[in-house]
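See structure below.
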Amino acid sequence: MNPKTLELLEFPKIRALLVEHAHFSASKALAEELMPATEPEAVEALLVETAEARELLRLHPNFTIGPAHDVRGLVDYAARGGVLDPAALLEVSDTVRSGRMVREMLVRRAEAFPLLSRLARDIMRCDPLQGAIEQAIGPDADVLDSASPLLRSLRLDVRAIHNQLLDRMQALVRAPEYLTYLQDPIVTLRSDRYVLPVKAEFRSRVRGIVHDESASGATVFVEPLDVVEVNNRWRSAQREEQREVDRILRALSTEVGVYQQELTDNVGTLAAIDIVLAKARYADLIKAEQPAVVAGYRFSFRQAKHPLLTGEVVPIDVYLGQDPHRERQQPFYVLVITGPNTGGKTVALKTVGLLTLMGQCGLHLPVALGSRLAVFRQVHADIGDEQSIEQSLSTFSSHLSKIIPILDEADERSLVLFDELGAGTDPQEGSALAQAILLYLCDKRVPTVATSHFSAVKALAHVEESMQNASVEFDVERLAPTYVLSIGMPGTSHALQIAGRLGLNPAIAAEAEARFSPTEQAVDALMVSLREETEQLKAEREDLANDRTDLEAQRDELAARVREMEEAITEQRIAAWNQATEEAGDLLQQIEALARQAKAFAAPVDSNRKLLEHTATQARERQREMRSRARATRQAPEPEDLTVGDTV
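Throughout the sequence shown, residue numbering follows the working numbering, covering 1128 to 1775 in sequence.
Laid out in structure tokens, this is it:
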């Protein structure tokens, strides 16, 4: 992306906001260098990463990358043979610990956060290094006795000699022969040697080595000869201790150098995760939504707000490629925004550009659900009235010097943004040039959004299938812009109406009206007619939408009633079948019982045989009747489909 375009669209300010939400220097550096991705698959992955991070922070609001540091410089220094001090080693240990915690947190939740866990898997374990540092370096950046057995032994010697030395010095302070000579009965240090503060006039009375004197000269600091040997042993033991400390720090630094690649890569991975978390925090702050990534150029931002505007911001609906007001087969590539000054044209233009850049960086956008993001390889912009004093260029020449390279470079994968195209020169020539440029871009199918004041440009956008008008609305009664963007309707500058409302002499206003060219008047009349037609269509669409809502409610109610009827019929079928089955079973049991009785009393009694035959006949008839009823129940006619208007 062209750095100048990023500046014109104020993208560096978005970077600065992300820096505030990043938690350590490496991720802050990534935020400062953030650039848009240019392929749809990559952009989709970035947006999903941000969505995962938002969900992660929703479930775990306090989750961070921990006390990580950008230790890459320290690691490189150690790899070259440098010795790190304890504080630097602690930073390395903290970073290793942060990497381990982040990895464990995200890998355990890989199913919920697949993309973040994939990033976290790149964090390499450096546990032996962390263990070695934590064993040797305390939380206050001091080298611990546990760093080595030799260090522990040396420090015991230092403390023992130190205690012996202090005992000897305290004994001298309390000695009666010294009390008269001392300025104060204390023991103090000078040049890392224990000394006594002796009055200057008695310096010859105290045998020893003078190490210093007070500013006034009234006191000299003397190391008594009686303690010189103990002082020497104490200092020698301290030097031995320091040599062992230096050896330990050198060994730990060498170990850090061994892990150079792992530590360097881990810092990069932690920074990548933290920048995603920063995007998530910023998205939550501005109440952003994730746009859908679409192929091609047909973006659609619903209820979009410029993220850098403060106070009450009027959202806009802006799109390219599809016209909801007409059923066009031919897509439009150029959107022309017109309307009065300070009405929000440039803000709308910048909103399109900035939201596109943000979305391609994986940032969620201040838009409504259902918004769509197109992915462009390049975003070109000429916005603002910048004159080049050094090159002695006029406003027009300055604009043209930027427009020409844009026209040479732009293609179907570019988004072009022009503010007041053709301004800064003779209006007729500027209008003609603006029309020619827009037609050229249409022929190349370059997605373009441009603002303009020229009536001829509005008329061109109305008749060209590949162009579309839009306007920022203005309340003439209040003399104030509404900042509402209406696509499908061209706007007017309202200059004469505003002048009249502000108190301009009516005669002057009438003269201006009379001098308004017939062509311009015709175009303005067309604009008014279009606006009225659009408002009428809008009202009709609202009525149709209301009717559709009512019909859908009636359809849902009828469908519910049909379901109730079907359920009732099903229940009746089941009950009838169960009853028939039960009665048939009872009759069969009676027949079997009679048959057994007949067999038991097999005497050829005519009356019993007749009774048996009669009963069997009744049973068969009853069974046929039950089966017939069951079949009739199973074959009940299906209910007819109900439609709106049927009576049930």
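Using N, Cα and C, we set each Cβ at its ideal position, and we do this for glycine too.
Ignore the nearest five residues each way along the sequence and tell me which others in residue i's own chain have a CB closer than 6 Å to its CB.
i	result
Asp1230	Just to set this straight, residue 1230 is Arg in the shown sequence, not Asp. Same-chain partners within the cutoff: Ala1247 and Ile1250.
Leu1277	Glu1371
Ile1510	Leu1135 and Asp1546
Ala1195	Phe1151, Thr1222, Ser1225 and Leu1397
Gln1514	Caution applies to Gln1514, whose pLDDT of 43 falls short of 50 and renders its modelled position unreliable; the model cannot decide the point.
Arg1361	It should be pointed out that residue 1361 corresponds to Trp in this sequence rather than to Arg. Answer for Trp1361: Ile1288, His1289 and Leu1292, listed in chain order.
Glu1667	none
Ser1280	none
Using the C-alpha atoms, what's the distance from residue j back to residue i?
i	j	result
Phe1581	Ala1639	17 Å
Thr1708	Arg1690	27 Å
Ile1701	Ala1695	10 Å
Glu1368	Ala1327	36 Å
Gly1438	His1491	20 Å
Thr1483	Tyr1424	11 Å
Gln1291	Arg1377	32 Å
Arg1723	Thr1744	17 Å
Pro1106	Leu1136	Lying before the first or after the last residue shown, residue 1106 is absent from the chain, which here runs from 1128 to 1775.
Phe1426	Arg1199	41 Å
Asp1459	Val1611	Before going further, note that residue 1459 is Phe rather than Asp in the sequence given. Cα to Cα, Phe1459 sits roughly 21 Å from Val1611.
Leu1379	Ile1260	7 Å
Cys1253	Ala1419	40 Å
Glu1416	Ala1410	8 Å
Asp1267	Pro1303	43 Å
Thr1396	Leu1390	10 Å
Pro1451	Ile1614	Confidence at Pro1451 is low in this model, with a pLDDT of 45, below 50, so the placement of that residue should be treated as unreliable; the coordinate-derived value is given next. Approximately 9 Å between the Cα atoms of the pair.
Lys1140	Ser1273	50 Å
Leu1685	Glu1539	50 Å
Val1300	Val1357	16 Å
Ala1345	Val1383	53 Å
Phe1601	Ala1583	20 Å
Glu1340	His1289	24 Å
Pro1467	Glu1536	31 Å
Val1285	Arg1374	18 Å
Ala1559	Leu1436	34 Å
Leu1412	Glu1693	51 Å
Ile1336	Ala1263	38 Å
Asp1089	Ala1298	Outside the shown range of the chain (1128 to 1775) lies residue 1089, about which nothing can therefore be said.
Leu1256	Leu1216	10 Å
Asp1269	Arg1295	29 Å
Ala1763	Trp1704	Because the pLDDT of Ala1763 is 49, which lies under 50, any placement of that residue in the model is unreliable, and the question is left without a value.
Ser1275	Ala1364	16 Å
Leu1527	Ala1586	23 Å
Ala1206	Tyr1386	9 Å
Thr1191	Ala1214	22 Å
Output needed for residue i: all residues of its chain with C-beta closer than 7 Å, excluding positions within five of it in sequence on either side, in chain order.
i	result
Leu1233	Phe1240, Leu1243, Ser1244 and Ala1247
Gly1497	Arg1429
Asp1553	none
Ala1158	Arg1142, Leu1145, Val1146, Ala1149, Ile1402 and Ala1405
Phe1138	Leu1481 and Leu1484
Arg1317	His1338, Asp1339 and Phe1348
Val1394	Ala1153, Asp1197, Val1198, Arg1199 and Thr1222
For residue i, I'd like the list of residues in its chain whose CB is within less than 8 Å of its CB, leaving aside the five on either flank, ordered along the chain.
i	result
Ala1169	none
Met1162	Met1128 and Cys1488
Pull the bridge partners of residue i from the DSSP assignment, please.
i	result
Met1594	Val1461
Arg1808	Nothing in the structure corresponds to residue 1808, since the chain is present only between 1128 and 1775.
Tyr1204	In DSSP, Tyr1204 forms no bridge with anything.
His1150	For His1150, which the question treats as bridged, DSSP gives no partner whatsoever.
Glu1416	Leu1492
Phe1426	Bridge partners of Phe1426: none, in fact.
Leu1500	Val1420
Asp1674	None; Asp1674 has no bridge partner.
Ile1531	The partner list for Ile1531 (beta bridge, DSSP) is empty, contrary to what the question assumes.
Let me check you understand the geometry: is the CB of residue i closer than 7 Å to at least one non-hydrogen atom of the ligand SAM?
i	result
Leu1462	Inclusion of the ligand SAM in the displayed structure is not the case, the ligand content being empty and no account of it being possible.
*Counting only runs of 4+ residues fully inside the stretch 1260-1303, write out the alpha helix (DSSP H) ranges in chain order.*
1276-1301
*Whole alpha helix (DSSP H) runs in the stretch 1153-1195 with 4 or more residues, listed along the chain?*
1167-1186
_Three-pair Cβ contact test at 8 Å for the stretch 1217-1225 versus the stretch 1171-1182_ = no
_Any beta strand (DSSP E) of 3 or more consecutive residues that is wholly inside the stretch 1333-1396_ = DSSP runs (the beta strand (DSSP E)) wholly in the stretch 1333-1396: 1335-1340 and 1346-1351.
*Are at least three pairs of beta-carbons, each pair with one atom in the stretch 1461-1481 and one in the stretch 1526-1545, less than 8 Å apart?*
In short, these stretches touch, since the Cβ pair count reaches three.
*Do the stretch 1558-1569 and the stretch 1584-1596 make contact, defined as three or more Cβ pairs closer than 8 Å?*
yes
*State whether the stretch 1148-1155 contacts the stretch 1395-1415, with contact taken as three or more CB pairs (one from each stretch) at a distance under 8 Å.*
Under the three-pair Cβ rule at 8 Å, the stretch 1148-1155 counts as touching the stretch 1395-1415.
*Quick one: complete alpha helix (DSSP H) runs, 4+ long, within the stretch 1196-1245?*
Annotation: the stretch 1196-1245 contains the following complete segments of the alpha helix (DSSP H) (minimum length 4 residues), in chain order: 1199-1206 and 1213-1234.
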